[in-house]
Amino acid sequence: MAVNSRFEAFEPDLEDWDAYLARFEFHLPANKVDDEDQQKATLLSSYRHAFYKRSQAANETIAEYVSALRKAARPCTFSDLEEALLDRLVCGMKDKKLQQRLFAREALTYAVAYSEAVAAEAAEKATQEVRQNLTPIQQGASKSVHHESTSESEGEHDDVNHSRALRAKRTTVKATPRRNSCKPVPDTMTLCHGVGYSEMRLPNLLGHDTVREALQQSASWVPLLTKQCHRDTKKFLCSLFAPVCLSELEEPVFPCRSLCEDVREGCSPVMAAFGFPWPEMLNCSRFPRGNELCIPPAGSKDGLLPPKEDAVFPACLDKGHNEQEFLEIFCSQDFALKMSIRSVSAVEGDLKVVAESRGRTLYRKDGWSEEELKKPVLWLAGGEACACQELAGPGAVVLAMGRRGAGRLVISWVRKWRHGEKEMKKFSRAVRKLRC
Numbered sequence: 001m002a003v004n005s006r007f008e009a010f011e012p013d014l015e016d017w018d019a020y021l022a023r024f025e026f027h028l029p030a031n032k033v034d035d036e037d038q039q040k041a042t043l044l045s046s047y048r049h050a051f052y053k054r055s056q057a058a059n060e061t062i063a064e065y066v067s068a069l070r071k072a073a074r075p076c077t078f079s080d081l082e083e084a085l086l087d088r089l090v091c092g093m094k095d096k097k098l099q100q101r102l103f104a105r106e107a108l109t110y111a112v113a114y115s116e117a118v119a120a121e122a123a124e125k126a127t128q129e130v131r132q133n134l135t136p137i138q139q140g141a142s143k144s145v146h147h148e149s150t151s152e153s154e155g156e157h158d159d160v161n162h163s164r165a166l167r168a169k170r171t172t173v174k175a176t177p178r179r180n181s182c183k184p185v186p187d188t189m190t191l192c193h194g195v196g197y198s199e200m201r202l203p204n205l206l207g208h209d210t211v212r213e214a215l216q217q218s219a220s221w222v223p224l225l226t227k228q229c230h231r232d233t234k235k236f237l238c239s240l241f242a243p244v245c246l247s248e249l250e251e252p253v254f255p256c257r258s259l260c261e262d263v264r265e266g267c268s269p270v271m272a273a274f275g276f277p278w279p280e281m282l283n284c285s286r287f288p289r290g291n292e293l294c295i296p297p298a299g300s301k302d303g304l305l306p307p308k309e310d311a312v313f314p315a316c317l318d319k320g321h322n323e324q325e326f327l328e329i330f331c332s333q334d335f336a337l338k339m340s341i342r343s344v345s346a347v348e349g350d351l352k353v354v355a356e357s358r359g360r361t362l363y364r365k366d367g368w369s370e371e372e373l374k375k376p377v378l379w380l381a382g383g384e385a386c387a388c389q390e391l392a393g394p395g396a397v398v399l400a401m402g403r404r405g406a407g408r409l410v411i412s413w414v415r416k417w418r419h420g421e422k423e424m425k426k427f428s429r430a431v432r433k434l435r436c
């Protein structure tokens, strides 16, 4: 009787893995496949075939898809796991527009692809949440307001009147020469890294007219994020400093009052412990109760956080044009320098970065104290929870920029210097020619 050592590859669309494995185990003795190496090679081929057939399901998040890919890759013994994950992540993702953009990227890495996929998914989710609220608003906000005024107690009439006042105020704003515009959320806005959308509206909801002004004012709120006093702190603050800009809406989208109240309840005790009261500019009575289009608090099942091992801190994300990036955003920063790292340590969720006293070049040092000039200590807010290869260990030479916030020098951009001394001198001359 002829011996058949071949076995068909696993097809996930036709059967589950356990059933396939049971058939495979029966196939071996039935076909007298006794050679152990041949058995392993046959099964390995099936494992890898299953991995490369795995695509993102319609209702599957990027984090869930990558977790499934990692599980499928375990028995595959890939020599370069990240390369295999990169191939399958991009080829199998359901977002075909993002897929085409990633295909066009040069020197794409798994970390960058994963980070961009999660950001694109979050942006799409945030946009869908806002658009879901458009239908009832377009059907008639006045009807909704009337319903609320007749069904609630007299104490709630003030909320309805406030909603009308908000609309009147927005009408006034549109009549002024200050035109609204959409601007990209800058990579250097540490407060809003990973917020879930790519364009912000100016003027913002705190009256800041320029990106630079919004950057400066938002920096002082970065330390509050690291305290993790509420899961929606970033969503709330960014809805004010960098409100989402949607082409189909003429008016800005305010945070819902419930979102403000939730964050205030969680964070005001933390602020009070450091001697800061909840500020009047964040008075929750300014915001609509929900009878208008607004940004709601997160639901109890508001998605999954990306795995910690995959999360690359945005300030450390190398896009391959480091010197050009440095020059483009230099003037919006409070400090900029070249330094050698002496030590990096974790402090309450942040990364504390101490520079060597020698070999430093300070390009910008607005308001630095004598102590900071002698021994610069920089901070990467929330950096303990994410990967940052640029700060991997003492001795690394880096370019770093950032802003001052709550008495700290907070890094918003950092890259390793990968060239020689001659290139550094040339780069330093270009920096010093800048006039901010």
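For the sequence shown, UniProt numbering assigns the number 1 to the initial residue and increments by one for each residue that follows. No residue lacks a Cβ here, since even glycine has one placed at the ideal position from N, Cα and C.
Residue environment: His-419 is assigned as exposed (fewer than 16 neighbouring CB atoms within 10 Å of its CB, all protein chains considered). A Cβ-Cβ distance of about 16 Å is found for the pair Gln-333 and Ser-428, leaving them out of contact under the 8 Å criterion. Under the criterion of beta carbons closer than 8 Å, Arg-403 and Gln-216 qualify as touching, at roughly 7 Å. Within its own chain, the residues whose Cβ lies closer than 6 Å to the Cβ of Leu-380, once the five positions on either side in sequence are excluded, are Leu-351, Ile-411, listed in chain order.
Below 8 Å, too few C-beta pairs join the segment 187-194 and the segment 255-270 to call them touching: fewer than three. Between Ala-73 and Phe-103, the CB-CB gap reaches or exceeds 8 Å. Annotation: Phe-287 is outside any beta strand (DSSP E) and is labelled neither H nor E by DSSP. One alpha carbon belongs to Cys-91, the other to Gln-99, and they sit about 7 Å apart. According to the DSSP assignment, Ala-355 belongs to the beta strand (DSSP E) that extends over 350-355.
At least 8 Å separates the beta-carbon of Arg-201 from that of Pro-269.
Within the UniProt domain "FZ" (177-297), the alpha helix (DSSP H) runs of at least 4 residues that lie entirely inside it are, in chain order, 211-218, 222-226, 233-241, 257-273. Taking 8 Å as the cut-off, the Cβ atoms of Ile-329 and Leu-391 do not count as close. Excluding five sequence positions before and after Asn-283, none of the CB atoms of its chain fall closer than 7 Å to its own CB.
Counting only runs of 4 or more residues that sit fully inside the segment 368-429, the alpha helix (DSSP H) segments are 370-374, in chain order. Counted as a single uninterrupted DSSP element, the stretch harbouring Ser-340 is not any alpha helix (DSSP H) but the beta strand (DSSP E) occupying residues 335-347.
For Leu-86, the CB contacts under 8 Å within the same chain, skipping 5 residues up- and downstream, are Leu-108, Thr-109, Tyr-110, Ala-113 in chain order. Per the DSSP secondary-structure output, Leu-362 pairs in a beta bridge with Leu-337. An exposed status is given to Glu-248, since fewer than 16 other beta-carbon atoms sit within 10 Å of its beta-carbon. With a threshold of 16 other beta carbon atoms within 10 Å, Pro-75 falls short and is exposed. Annotation: the continuous alpha helix (DSSP H) that includes Cys-91 extends over 81-92.
DSSP, read as helix, strand or coil, puts Ala-68 in helix. Here the C-alpha atom of Asp-187 lies approximately 12 Å from the C-alpha atom of Phe-326.
Shown here, Leu-434 sits in coil according to DSSP, grouped into three states, outside any helix or strand. Of the residues assessed, Phe-287 falls on the buried side of the cut-off, its CB having 16 or more other CB atoms within 10 angstroms.
Of the residues Glu-106, Ser-55, Lys-71, the one whose Cα lies closest to the Cα of Lys-96 is Ser-55.
Between the alpha carbons of Pro-277 and Thr-226 lies a distance of about 18 Å. The Cβ-Cβ distance between Met-93 and Ala-63 does not fall below 8 Å. Taken atom to atom, the span from the alpha-carbon of Gly-407 to that of Thr-77 is near 49 Å. CA-to-CA, the gap between Val-253 and Ser-357 works out to about 47 Å. In the same chain as Asn-59, and ignoring 5 residues on each side of it, no C-beta atom comes closer than 7 Å to its own.
In the structure shown, Leu-327 falls within a helical segment according to DSSP collapsed to helix, strand and coil.
Put simply, the backbone Cα of Asp-262 is about 15 Å away from that of Cys-294. A distance of 8 Å or more separates the beta carbons of Met-339 and Arg-364. Our two residues, Met-401 and Phe-241, have alpha carbons roughly 21 Å apart in a direct line. With a threshold of 16 other beta carbon atoms within 10 Å, Asp-209 falls short and is exposed.
Judged by DSSP in its simplified three-state form, Ala-107 adopts coil rather than helix or strand.
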